[in-house]
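As structure tokens, the structure follows; a few thoughts come after it.
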Amino acid sequence: MLRHLIAIATATILFSNSLTLAKSKPPKPPEPDQFPPSPLEITTPDPLSPRSPKDKQPLTPQERQKLEPALDALNQEAAAKLQAGEQIAAFEIWNRELRLRRFLGSLAEVQALSRVGAIAWKLNDGQEVQYITERLQTIQKQAQSQQKTAPIDLELWRSLGEAYKNVRSSKLAIEAYNQVLLLVRQQKDQVAVLETLKTLGELHLSWFDYRKAAPIYEELLSFATSLGDRVNEVTYLQQLAYIYEQTSQPQQSLNVLNKLAEIYLNENKLTEIPELKLAIASDYESLAKKDPNLLLEAFNNYQEAYTTAWQLKEYVRAGDALQKLIALYRSQGQTQEALQASEILVQIQAQAANFYGMMQAYDQIGQLYLERKEFPQALTAFQQGLKLAQQLKHQEAYFTGQIAKLSKAN
């Protein structure tokens, strides 16, 4: 009997303790959503709503005539609020306008989303940009599902692409413009094809997707060449040269650069030649790693770059070309040729009044003579370098050290 009473008492204590714990630790309230619901999805009736949102029938002309000016007024009111520094209030009004724009159809809504999205991006309002991007994606999905039963709305897809651009969603913009490109190709609208290709090319470059940009600019180049459009032909060649440089495709780069060189020579634009020849030589140098026979082309183009720059009195560019040429000579063990080019480099740097460049050239000459174990000539070069170093108050200790080593050796 005693054990039974103890058991009942223990159970009572445990039960009362559990009640106490339950009272002292009330259940945690649910955490708020990480992202608040989109204001573009609010379904509260609006005084300007011409009908229920569930009614999918198009508006009558009379309903449109009444709604459109009211929405334009909301846009103006929001702009005025923003001008007055009331950004939150401005976007509340714009979001109301955007909700109501749905009654006017997808195209009108997308164009409005594009307009407000551009403002939100400019003001760095990430949350508003997200709301607008999500709504654009919903409209895109609806358009894709309707394509099975209705004609594709080209203008809607163009507007989607533009809207995605305005909110800087490049990948989504590319999807939209690819759909546009497919449609205008089917319609054989060459002008529209060209414009869409240009837009896609710019989008791929903005995303640093050079591989996908390359075929687009190749097609644009083909168009420009066939039309005799020399201005755009040069523009697309330059763009392709940059793309192939970024993707380390020296052969494709060479093809483009040689076409550019031919155009510049025909048009007597000699000032463009040195830099172009440097790039061509660099590509040949890269290709020579697999085919050493191409090294001669690299030498020739570096020399052409130097010669043309010298004739044009572009001494900085001439110096760049000679430096490249000297490095190539040294890589091939041609120290005599490297020395001759270095002596010319001193003269060029003097013409350019580039005393730092002269000092470096003398250092280079000294190092080349050291390689040939011609120590007196090396000593003379380092002494010339020291004079310039003292004028510049730069690297004096280095040249002094080189001279001291050679003096001890002698």
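Our numbering puts the first residue of the sequence shown at 6, with every later residue one more than the last. For each residue, glycine too, the CB sits at the ideal point set by N, CA and C.
From K318, Y269, L259 and Q251, pick the residue whose C-alpha is nearest to that of Y289; which is it? L259
Let me know if F96 comes out buried or exposed under the rule of 16 or more other beta-carbons within 10 Å of its beta-carbon. buried
How would you write the range of the alpha helix (DSSP H) that D77 sits in, first residue to last? P66 to Q88
Beta-carbon contacts of L411 that lie in its chain and below 8 Å, excluding the five residues immediately before and after: F380, A383, L384 and F387
Would you kindly report the start and end of the unbroken alpha helix (DSSP H) that includes K264? P255 to N271
Could you tell me the alpha carbon to alpha carbon distance between Q81 and Q142, rounded to whole angstroms? 26 Å
For my contact list, L177 and L202 are in at a C-beta cut-off of 8 Å; report their separation, rounded to the angstrom. In fact, because the Cβ distance is near 18 Å, the residues do not count as touching under 8 Å.
Buried or exposed: which applies to Y320, given that a residue is buried once 16 or more other Cβ atoms fall within 10 Å of its Cβ? buried
Can you tell me the Cβ-Cβ gap for P279 and A314, rounded? I've got them flagged as a contact below 8 Å. 4 Å
Quick one, which of E91, W162 and P156 has its alpha-carbon nearest E114's? W162
Evaluate E46 with the Cβ neighbour count: other Cβ atoms within 10 Å of its Cβ, from every protein chain shown; 16 or more gives buried, anything less gives exposed. exposed
C-alpha distance - L242 paired with E348, whole-angstrom precision: 36 Å
Shortest alpha-carbon distance to Q354 belongs to which of K127, Q145, R120 and A326? A326
Within its chain, find whatever has a CB closer than 7 Å to the CB of S164; leave out the 5 residues flanking it on each side and keep chain order. L112, V115, Q116 and S119
What separation, rounded to the nearest whole angstrom, lies between the Cα atoms of Q339 and Q369? 14 Å
Neighbourhood of R190 by C-beta distance below 7 Å, restricted to the same chain and skipping five residues each side: V198
Look at D158 and A148 and say whether their C-beta atoms are less than 8 Å apart. yes
Exposed unless 16 or more other CB atoms sit within 10 angstroms - verdict on N273: exposed
Burial state of A75, where buried means 16 or more other Cβ atoms lie within 10 Å: exposed
First through last residue of the alpha helix (DSSP H) which encompasses N237: R235 to Q251
Considering Cα atoms alone, identify which of Q67, S287, Q251 and D51 is closest to Q328. S287
The ligand PLP heavy atom lying under 7 Å from the CB of Q337: Annotation note on the ligand PLP: not contained in the displayed structure, which lists no ligands.
Around the C-beta of V121, are 16 or more other C-beta atoms found within 10 angstroms, so that it is buried, or is it exposed? buried
Can you tell me which of G371, Q70, L301 and L208 puts its alpha carbon nearest to the alpha carbon of I408? G371
Please go through the stretch 84-127 and give each complete alpha helix (DSSP H) segment of 4 or more residues, from N-terminal end onward. 92-106 and 111-127
Residues of its chain near W212, where Cβ-Cβ distance is below 6 Å and the 5 sequence neighbours each way are ignored: S175
DSSP state of P63, grouped into three classes? coil
Along the chain, where does the alpha helix (DSSP H) containing W162 start, and where does it finish? L159 to N171
Quick test of your reading: L72 and L64, contact by CB under 8 Å. State the CB separation rounded to the nearest angstrom. 7 Å
Which word fits Y361, buried or exposed, when buried means at least 16 other C-beta atoms lie within 10 angstroms of its C-beta? exposed
Report the three-state DSSP secondary structure of Q316 (helix, strand or coil). helix
Report the rounded CA-to-CA distance for L393 versus E200, giving the unit in angstroms. 57 Å
So, with DSSP's three-state summary, where would you put A155? coil
If you count every other CB in all the chains shown that lies within 10 Å of the CB of Q389, and 16 or more means buried, which is it? buried
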